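Undergrad:
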Amino acid sequence: MKIVGVIPARFKSSRFPGKPLIDIVGVPMIIRVARIVEKALGKENTYIATDDVRIKDVAESYGFKVVMTSGNCLTGTDRVYEFSQQIEADIYVNVQGDEPLLNYLDILNVAKAKEQSFDYVTNGMCEISENEDANNINIPKVLVNKDNKLIYMSRLPIPGIKDVNAKDTPKYLKQVCIYGFSKNDLELFGSTSEKAIYEGFEDIEILRFFDLGIPVLMVETSGSSLAVDVPEDVKKVEQEILKQKK
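In the working numbering, the protein residues as written are -11 to 234.
What follows is the structure in structure tokens.
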């Protein structure tokens, strides 16, 4: 099977304009992520999908391939759908461009899970660390059954707790933004002209697959994820990178 890695990137983020090109310890964030994808799938299979020439120019200056997409994509997955109309592959691994601490092995594991469970969309997850707050709406929380099939994903802490005095609390899981798609998955996703109802409320694009009748299999990752959602996250990521270098 031909597997390609795609990093969707836009410059005009409402919460963090210019985020893909933010400097992370001397390297643009989009390039840090591209190098992780390259380590997993090879540079020849690593692409950046964007609508912005500034991102294109930086990516190409580091030797990465770029596919231009339209400026009206509803989500990153819609951008990967447009990419899939230009580049043929059996599996498209969508890697979010704001996760510069990903483990390349997690990319391989999400791709392998897609290959083995081709009728499912695959997506990464890991336990929320003690340094993270389950109430943070920037972190999508994951609820799965015993087979790691997705039940729901929310920006609220799930599962909820009825007894506020309960001694035991749930093991909260968070989404890690690595996805495995087939071309058919993407065509069904991209054929919609608007977000699904719960996708719109939560602003979590994976929820659109519920309306499309495509099940989602969550894949446990190494837990090395730390996303840059807002400018305040940059310092945390840089501290972790510098710690790993010691």
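C-beta atoms are modelled at their ideal positions from N, C-alpha and C, and glycine is treated no differently. If you're wondering where the values come from, they're calculated on a predicted model, not measured in any experiment.
Measuring only the C-alpha atoms, how far is Gly248 from Glu118?
TA: Missing from the structure shown is residue 248; the chain here goes from -11 to 234 and no further.
Undergrad: Taking 7 Å as the cut-off, decide whether the C-beta atoms of Arg20 and Ile10 are in contact.
TA: Here residue 20 is taken as the residue at index 32 of the sequence shown, counted from 1. Here residue 10 is taken as the residue at index 22 of the sequence shown, counted from 1. For Arg20 and Ile10, no; Cβs fall outside 7 Å.
Undergrad: Rounded to whole angstroms, what's the CA-CA distance from Phe169 to Thr110? Just pull it up for me.
TA: The residue given as residue 169 occupies position 181 in the sequence shown. The residue given as residue 110 occupies position 122 in the sequence shown. Going by the C-alpha atoms only, they are around 7 Å apart.
Undergrad: Cα separation between Lys44 and Pro(-4)?
TA: Along the sequence shown, one-based indexing puts residue 44 at 56. Along the sequence shown, one-based indexing puts residue -4 at 8. Their Cα atoms are separated by approximately 11 Å.
Undergrad: Can you name, in chain order, every residue of its own chain whose Cβ lies under 8 Å from the Cβ of Glu115, other than the five neighbours on each side?
TA: The sequence position of residue 115 within the sequence shown is 127, counting from 1. Closer than 8 Å at Cβ, skipping near neighbours: Lys159, Tyr160, Leu161, Lys162 and Gly211.
Undergrad: Going along the chain, which unbroken runs of the beta strand (DSSP E) with 3 or more residues stay wholly within the stretch 7 to 78?
TA: Within the stretch 7 to 78, the complete beta strand (DSSP E) runs of at least 3 residues are 34 to 38 and 53 to 56.
Undergrad: Identify every residue that forms a DSSP beta bridge with Ser142.
TA: Within the sequence shown, the letter at position 154 stands for residue 142. DSSP lists Lys129 as partners of Ser142.
Undergrad: Would you decide whether Leu29 is buried or exposed? Buried here means 16 or more other CB atoms lie within 10 Å of its CB.
TA: Mapped onto the sequence shown, residue 29 falls at position 41. Leu29 is buried by the Cβ-count criterion.
Undergrad: I'd like to confirm the pairing. Which residues does DSSP put opposite Val81 in its beta bridges?
TA: Within the sequence shown, numbered from 1, the residue matching residue 81 stands at position 93. BP columns for Val81 point to Gly(-7) and Gly168.
Undergrad: Between the alpha carbons of Ser105 and Lys233, how many angstroms are there, rounded?
TA: Here residue 105 refers to the residue found at position 117 when the sequence shown is read from its first residue. Here residue 233 refers to the residue found at position 245 when the sequence shown is read from its first residue. About 36 Å.
Undergrad: Output the distance between the C-alpha atoms of Val15 and Phe198, rounded to the nearest integer angstrom.
TA: Counted from its first residue, the sequence shown places residue 15 at position 27. Counted from its first residue, the sequence shown places residue 198 at position 210. Taking the straight line joining both Cα atoms gives about 37 Å.
Undergrad: Would you check if there are 3 or more beta carbon pairs closer than 8 Å linking the stretch 167 to 181 to the stretch 79 to 88?
TA: Result yes; three or more Cβ-Cβ pairs closer than 8 Å.
Undergrad: To the nearest angstrom, report how far apart Ile139 and Asp39 are at their CA atoms.
TA: Start at 1 with the first residue of the sequence shown, and residue 139 comes out as number 151. Start at 1 with the first residue of the sequence shown, and residue 39 comes out as number 51. Roughly 33 Å between the two C-alpha positions.
Undergrad: So Ala47 and Val41 are supposed to be a Cβ contact under 8 Å. How far apart are they, rounded?
TA: Within the sequence shown, numbered from 1, the residue matching residue 47 stands at position 59. Within the sequence shown, numbered from 1, the residue matching residue 41 stands at position 53. Contact flag wrong, Cβ pair sits at about 11 Å.
Undergrad: Are there 16 or more other CB atoms within 10 angstroms of the CB of Asn133, so buried, or fewer, so exposed?
TA: To locate residue 133, count along the sequence shown from 1; it is residue 145. Exposed, by the Cβ-count rule.
Undergrad: Run through DSSP, which three-state label would Asn97 get?
TA: The residue you call residue 97 lines up with position 109 of the sequence shown. Reduced to three states, the DSSP call for Asn97 is helix.
Undergrad: Measuring alpha carbon to alpha carbon, tell me which residue in Gly6, Leu195 and Arg23 is nearest Val(-6).
TA: For this step, residue -6 is matched to residue 6 along the sequence shown. Of the candidates Gly6, Leu195 and Arg23, the one whose C-alpha sits nearest the C-alpha of Val(-6) is Arg23.
Undergrad: How would you label Asp178, buried or exposed, when you count the other beta carbons within 10 angstroms and need 16 or more for buried?
TA: Sequence index remark: in the sequence shown, residue 178 carries index 190 (1-based). Before going on, a small fix: residue 178 reads as Gly here, not Asp. Counting Cβ neighbours within 10 Å, Gly178 comes out buried, since at least 16 surround it.
Undergrad: Report the three-state DSSP secondary structure of Val152 (helix, strand or coil).
TA: As a working mapping, residue 152 is identified with position 164 in the sequence shown. Three-state DSSP puts Val152 in coil, outside helix and strand.
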